[in-house]
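Under numbering that gives the first Met the number 0, the sequence shown has 228 at position 229, and the numbering climbs by one with no breaks. A quick write-up on the structure given underneath.
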Amino acid sequence: MNLASQSGDAGGSQLLFANFNQDNTSLAVGTKSGYKFFSLSSVDKLEQIYECTDTEDVCIVERLFSSSLVAIVSLKAPRKLKVCHFKKGTEICNYSYSNTILAVKLNRQRLIVCLEESLYIHNIRDMKVLHTIRETPPNPSGLCALSISNDNCYLAYPGSATIGEVQVFDTVNLRAANMIPAHDSPLAALAFDASGTKLATASEKGTVIRVFSIPEGQKLFEFRRGVKRCVSICSLAFSMEGLYLSASSNTETVHIFKLETPAEEPTTWGGYLGKVLMASTTYLPAQVTEMFTQGRAFATVRLPFCGHKNICALAVIQKIPRLLVAAADGYLYLYNLDPQEGGECTLMKQHSLDLRFLGYCEEQGAVGGAGLEDDLNDLRLEEENEQPPLILETD
Numbered sequence: 000m001n002l003a004s005q006s007g008d009a010g011g012s013q014l015l016f017a018n019f020n021q022d023n024t025s026l027a028v029g030t031k032s033g034y035k036f037f038s039l040s041s042v043d044k045l046e047q048i049y050e051c052t053d054t055e056d057v058c059i060v061e062r063l064f065s066s067s068l069v070a071i072v073s074l075k076a077p078r079k080l081k082v083c084h085f086k087k088g089t090e091i092c093n094y095s096y097s098n099t100i101l102a103v104k105l106n107r108q109r110l111i112v113c114l115e116e117s118l119y120i121h122n123i124r125d126m127k128v129l130h131t132i133r134e135t136p137p138n139p140s141g142l143c144a145l146s147i148s149n150d151n152c153y154l155a156y157p158g159s160a161t162i163g164e165v166q167v168f169d170t171v172n173l174r175a176a177n178m179i180p181a182h183d184s185p186l187a188a189l190a191f192d193a194s195g196t197k198l199a200t201a202s203e204k205g206t207v208i209r210v211f212s213i214p215e216g217q218k219l220f221e222f223r224r225g226v227k228r229c230v231s232i233c234s235l236a237f238s239m240e241g242l243y244l245s246a247s248s249n250t251e252t253v254h255i256f257k258l259e260t261p262a263e264e265p266t267t268w269g270g271y272l273g274k275v276l277m278a279s280t281t282y283l284p285a286q287v288t289e290m291f292t293q294g295r296a297f298a299t300v301r302l303p304f305c306g307h308k309n310i311c312a313l314a315v316i317q318k319i320p321r322l323l324v325a326a327a328d329g330y331l332y333l334y335n336l337d338p339q340e341g342g343e344c345t346l347m348k349q350h351s352l353d354l355r356f357l358g359y360c361e362e363q364g365a366v367g368g369a370g371l372e373d374d375l376n377d378l379r380l381e382e383e384n385e386q387p388p389l390i391l392e393t394d
């Protein structure tokens with residue numbers, strides 16, 4: 000999430016960027032002085048595991064799961080992507096593009112670079128460009144989503160600048176998979192679940208959240224965030240098991256929806272009345288029918304601010320479901336989610352993201368001066384905490 004446009008208005012925070020890694024076990028933060036990573040293994044303590052001050056004004060920083068691979072873009076060189084081995088403090092490779100890099104997405108097979116009117120698909124093993132999607136509709140926010148699944152490795156991006164079409168692209172077979180007419184208004188947010196079989200979408204109106212099957216494009220769920228006002232959706236995020244979906248916006252409320260098919264109503268007066276109401280929607284205008292069939296939030300969060308950009312994640316920390324919110328005010332907020340009752344979530348802790356620490360403390364200290372050959376020899380492809388080796392270096 001790019002926070003640069005608000006960094007001067009958010010209580011003096013140095014934050015330019017914040018994002019959770021693919022399995023929500025760490026938080027990456029880009030600042031005016033560099034970038035850093037925080038471990039998300041505890042609620043009471045926010046452990047900063049690494050900070051780098053070699054690159055100023057980091058506007059994009061993406062970590063591959065819990066590995067040492069990190070992709071970095073700075074405001075001083077907005078067309079240049081650097082891929083680094085952060086534990087050793089070494090640059091593995093870099094690429095320059097024709098325009099400003101707006102977003103970078105990673106999984107264990109692909110690295111995606113999003114420009115305003117094109118998308119580059121790299122093989123993460125050697126960083127070679129496998130395919131370029133050119134002349135996409137103008138996408139000034141760099142909106143796109145990449146599934147983290149090896150089996151369903153899809154990329155989603157806007158198919159129109161005027162309506163909410165989603166283009167779904169198969170990044171393994173390098174071919175278009177589907178076009179989903181998701182909304183009447185332009186898209187504002189996209190998110191895959193961990194399995195790559197569901198895609199959540201929101202439009203610029205921000206009132207309705209939809210979930211589609213991938214790659215078929217069938218609408219599975221439709222949730223109403225609100226009816227009183229249109230809002231700007233900041234982020235959508237699934238829980239790792241795919242049961243919950245969070246939606247944050249520029250308001251003080253975060254909505255959490257539960258993705259479950261309603262059970263058959265019992266043969267009671269209430270159940271009968273519900274069936275009558277649903278049957279009556281056949282004769283009502285389409286907009287009214289949608290109101291009847293849309294789900295409501297299972298749980299909500301009241302943030303202590305309004306108007307700040309933010310990004311959310313749903314994670315299990317210390318065996319309890321939590322909602323995490325990293326915001327442009329420079330804080331990480333952690334809330335408890337009651338998986339049975341839902342309702343309003345409880346704020347458990349808030350942590351400042353402006354901590355100061357140099358080096359690496361997760362397993363071993365950062366070692367400076369190591370060569371590219373040493374980096375490649377140390378990488379073990381099959382291990383969970385290591386990234387695929389990168390062997391291509393280019394200007």
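Cβ coordinates follow ideal geometry from the N, Cα and C atoms, glycine included. Computed from a prediction, not measured in an experiment: that's the story for all the values here.
How should residue i be labelled, buried or exposed, when 16 other C-beta atoms within 10 angstroms of its C-beta is the threshold for buried?
i	result
Cys51	buried
Leu14	buried
Arg109	buried
Lys218	exposed
Glu215	exposed
Thr30	buried
Ser279	With a pLDDT of 49 at Ser279, under the threshold of 50, the modelled position of that residue is not reliable, and the figure given next carries that caveat. Exposed, by the Cβ-count rule.
Met126	buried
Thr345	exposed
Asp150	exposed
Gln363	The predicted position of Gln363 is uncertain, since its pLDDT is 35 and thus under 50; a value taken from the coordinates is nonetheless stated next. When all chains shown are included, Gln363 counts as exposed.
Arg224	buried
Asp192	buried
Ala285	In this prediction, Ala285 has a pLDDT of 47, which is less than 50 and means its spatial position is unreliable; what the coordinates show is noted afterwards. By the 10 Å Cβ count, Ala285 comes out exposed.
Leu41	According to the sequence shown, residue 41 is Ser rather than Leu. It is exposed - the Cβ of Ser41 has fewer than 16 other Cβ atoms within 10 Å.
With residue i and residue j assumed to form a contact (beta carbons below 8 Å), what rounded beta-carbon distance in angstroms separates them?
i	j	result
Ala144	Ala155	5 Å
Ile232	Ala296	That pair is no contact at about 14 Å.
Lys75	Glu55	6 Å
Leu129	Ile123	Contact doesn't hold; Cβ gap of about 10 Å is too wide.
Phe304	Glu251	7 Å
Phe220	Ile179	At roughly 14 Å, the Cβ-Cβ gap does not stay under 8 Å, so Phe220 and Ile179 are not in contact.
Glu61	Asn18	6 Å
Leu322	Ser245	6 Å
Leu105	Glu115	The Cβ separation is near 20 Å, so there is no contact.
Give the range of the beta strand (DSSP E) segment to which residue i is assigned.
i	result
Glu61	Val57 to Arg62
Ala236	Ile232 to Phe237
Pro320	Ile319 to Ala326
Pro157	Tyr153 to Pro157
Thr252	Thr252 to Lys257
Met178	Arg174 to His182
Leu313	Asn309 to Ile316
Gly163	Gly163 to Asp169
Leu244	Tyr243 to Ser248
Just list the residues that DSSP pairs residue i with in beta bridges.
i	result
Phe304	Paired residues: none, contrary to the question.
Asp22	Looking at the DSSP assignment, Asp22 forms no beta bridge with any residue, so it has no partner.
Lys218	Phe211
Arg223	Val207
Gln349	Tyr332
Phe37	Leu26 and Gln47
Asp192	BP columns for Asp192 are empty, so no partner.
Cys83	Val69 and Glu90
Thr200	Leu189 and Arg209
Phe16	Asn1 and Gly29
Thr52	Thr52 is not bridged to any residue.
Ala298	Ile255 and Gly342
Ala160	DSSP lists no partner for Ala160.
*Ranges of the alpha helix (DSSP H) found wholly within the segment 92-144, counting only runs of at least 4*: none
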